[in-house]
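If you read the sequence shown in our numbering, its first letter stands for residue 12, the second for the next number, and so on.
Notes for the one structure printed next.
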Amino acid sequence: MNSSESGLHLKAPKNPKTGLGRQGRKHILTRKISDGTPRPPTSVQAAGDLRSAEAPRARSPPPGPAPPRRAAPSAHVSVLHRLSPRPEPTHHLDQPISEPGAEPEPESEPQHRDFNVVQASKLRGSEARSWFARQLMLPEWMIDVPPRLNRDWYVFARPAGKRCFVVSSNGTTVSRLRNGSVLHHFPSALPNGARTKDVSGPAHVFCILDCIFHEPDQTYYVIDMVCWRGYSLYDCTAEFRFFWLNSKLTETGACNPPSVYHRYRFSVVPIYDCDQNGLHAAYAGAVPYGKDGLLFYNKNAHYQTGNTPLALVWKDENCSQYFLDTDSKGQVPSQQQVVLELQEDRKLATSDDPPVVLGYLDGDILQKSGLRTGTLLRFAINDGGVRIVDGKLEIADVNYAGKANRARAFADSYSKVFFQYTARHSPLKIDDLVASVQSSQDQESESSDIEMVQ
């Protein structure tokens with residue numbers, strides 16, 4: 012597949028900007044984020060290859076990890092929480108493992124470079140799941156239109172399916188889900204992804220792709236590239252990574268139909284500049300997969316593990332079957348459901364870093380159930396149980412519904428809880444996004460006209 016077939020239009024690469032467009036955060040708890048200043052690629056060869064090629068017209072940013080959770084007993088009771096009037100940040104201690112078999116050390120940031128994927132692949136069981144569960148970059152939910160959406164962001168239709176981390180190394184390929192568990196173990200045409208003379212290589216040659224596995228056509232749709240042939244792209248901009256993805260993936264034959272040594276097909280997704288044409292193409296254009304909303308990536312964002320406001324997800328009923336969260340039977344419950352993590356002092360917190368405390372578990376429930384710190388708990392929000400005060404979300408009336416599904420690795424993020432609430436009451440619509448893009452383009456046109464007159 013060439014770049015034009017993927018929806019990416021190549022042009023000469025431009026110098027990355029140092030300023031980041033940030034999501035308008037009138038309703039989101041302010042958090043410190045990276046200034047997004049692009050840093051050089053980790054290898055001279057990577058930079059040289061990029062300069063000799065052409066850059067695509069569109070691309071996107073990242074998603075990320077969270078700590079492992081432990082299970083605890085459940086009980087169905089109605090409980091009124093005493094909630095903090097404002098979200099209270101706390102520090103979360105769980106971070107990636109620094110050595111095989113070692114216990115997680117308290118760290119301030121994920122140390123993905125101190126313990127690379129080749130070493131992590133030797134881990135087994137819960138240690139492996141714990142490490143890999145923290146490696147994805149996770150988008151926040153768009154609850155407000157970010158400024159300069161038309162200039163600083165890419166957009167593409169998110170494939171419906173299972174988000175996963177795909178690693179090719181030591182002559183095999185392994186995909187892992189968001190919770191770190193193995194989805195597939197298979198040979199592929201990715202570098203060092205199969206035991207054949209064409210693709211095998213030394214141990215230091217490995218690849219990491221951020222993918223969504225689309226069950227109907229058994230295809231891995233690649234939405235980001237994290238490492239290629241051992242070269243780290245964590246500190247490269249989304250613009251660089253998307254170009255690299257589109258120029259390198261097809262060279263390997265990974266986009267070819269399945270074969271004996273290439274069990275699943277890989278495919279890139281069409282990515283667009285988020286101007287009016289690009290937004291319309293992503294929202295209404297035909298794609299070979301089922302859509303599950305739109306993903307927006309800041310062009311200058313690095314691949315940051317964990318939740319990041321520099322990657323955003325947005326949905327409505329026209330571009331996603333799962334606009335509103337569904338239960339285990341695929342039905343939309345009458346009440347909004349939230350999953351929060353039980354922390355010390357009965358705090359109920361989101362998966363953000365730092366976590367946002369949305370309430371406290373009733374002491375009687377805690378004593379009777381024997382729930383432990385780190386357990387993920389499920390709640391149903393009663394009618395009128397959510398308020399927006401000074402642009403912040405407050406939850407005042409919920410029913411405790413037991414432990415969350417054991418397959419879950421994370422609590423809900425603050426932005427997801429907020430998005431699901433507004434989706435039920437006053438959703439952010441595609442017309443709002445179009446109007447924002449049009450307004451920005453009109454202002455830029457007027458500014459250009461003024462400069463010409465002067």
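Just so it is clear, CB atoms sit at the ideal spot from N, CA and C, and this is done for glycine as well.
Measure the alpha-carbon distance for residue i versus residue j and round it to whole angstroms.
i: residue 237; j: residue 300; result: 23 Å
i: residue 235; j: residue 222; result: 7 Å
i: residue 282; j: residue 292; result: 9 Å
i: residue 363; j: residue 207; result: 42 Å
i: residue 145; j: residue 176; result: 10 Å
i: residue 405; j: residue 180; result: 46 Å
i: residue 259; j: residue 423; result: 35 Å
i: residue 373; j: residue 241; result: 49 Å
i: residue 392; j: residue 346; result: 6 Å
i: residue 394; j: residue 409; result: 9 Å
i: residue 278; j: residue 383; result: 42 Å
i: residue 354; j: residue 251; result: 39 Å
i: residue 428; j: residue 270; result: 43 Å
i: residue 303; j: residue 273; result: 27 Å
i: residue 285; j: residue 161; result: 5 Å
i: residue 397; j: residue 316; result: 30 Å
i: residue 265; j: residue 276; result: 6 Å
i: residue 340; j: residue 215; result: 44 Å
i: residue 367; j: residue 352; result: 10 Å
i: residue 433; j: residue 188; result: 28 Å
i: residue 268; j: residue 442; result: 39 Å
i: residue 446; j: residue 143; result: 39 Å
i: residue 403; j: residue 369; result: 11 Å
i: residue 388; j: residue 413; result: 6 Å
i: residue 168; j: residue 294; result: 7 Å
i: residue 190; j: residue 348; result: 20 Å
i: residue 337; j: residue 253; result: 32 Å
i: residue 111; j: residue 415; result: Caution applies to residue 111, whose pLDDT of 33 falls short of 50 and renders its modelled position unreliable; the value that the coordinates give is listed next. The straight-line gap from Cα to Cα measures roughly 29 Å.
i: residue 197; j: residue 186; result: 9 Å
Using 10 angstroms around the beta-carbon of residue i, count the other beta-carbons present and answer buried if the total reaches 16, otherwise exposed.
i: residue 141; result: buried
i: residue 313; result: buried
i: residue 361; result: buried
i: residue 329; result: exposed
i: residue 411; result: buried
i: residue 356; result: exposed
i: residue 150; result: buried
i: residue 225; result: buried
i: residue 135; result: exposed
i: residue 231; result: buried
i: residue 417; result: exposed
i: residue 170; result: buried
i: residue 440; result: exposed
i: residue 133; result: exposed
i: residue 358; result: buried
i: residue 331; result: buried
i: residue 344; result: exposed
i: residue 200; result: buried
i: residue 495; result: The shown model of the chain, from 12 to 465, leaves out residue 495, and the question about it has no answer.
i: residue 204; result: buried
i: residue 165; result: buried
i: residue 342; result: exposed
The beta strand (DSSP E) with residue i in it runs from where to where?
i: residue 197; result: 193 to 197
i: residue 359; result: 358 to 360
i: residue 369; result: 367 to 371
Starting from residue i, trace the alpha helix (DSSP H) both ways and give me its first and last residue.
i: residue 133; result: From DSSP, residue 133 is part of no alpha helix (DSSP H); its letter is neither H nor E.
i: residue 348; result: Premise fails: residue 348 lies in the beta strand (DSSP E), 348 to 353, not in any alpha helix (DSSP H).
i: residue 345; result: Neither: residue 345 is in no alpha helix (DSSP H) and is coded neither H nor E.
i: residue 377; result: 374 to 380
i: residue 206; result: No alpha helix (DSSP H) holds residue 206; DSSP gives it neither H nor E.
i: residue 162; result: 160 to 163
Tell me the DSSP bridge mates of residue i?
i: residue 233; result: 222, 279
i: residue 153; result: According to DSSP, which records beta bridges pairwise, residue 153 is partnered with nothing at all.
i: residue 144; result: Answer is none; residue 144 lacks a bridge partner.
i: residue 176; result: 187, 221
i: residue 168; result: 305
i: residue 238; result: 219, 243
i: residue 387; result: 352
i: residue 331; result: 303
I'd like the ranges of any alpha helix (DSSP H) spanning at least 4 consecutive residues and lying wholly in the stretch 390 to 444.
425 to 436
Which ranges does the beta strand (DSSP E) cover as unbroken runs of at least 3 residues, wholly within the stretch 252 to 329, from first to last along the chain?
Restricting attention to beta strand (DSSP E) runs no shorter than 3 residues, the stretch 252 to 329 encloses them at 276 to 279, 302 to 309, 317 to 325, ordered along the chain.
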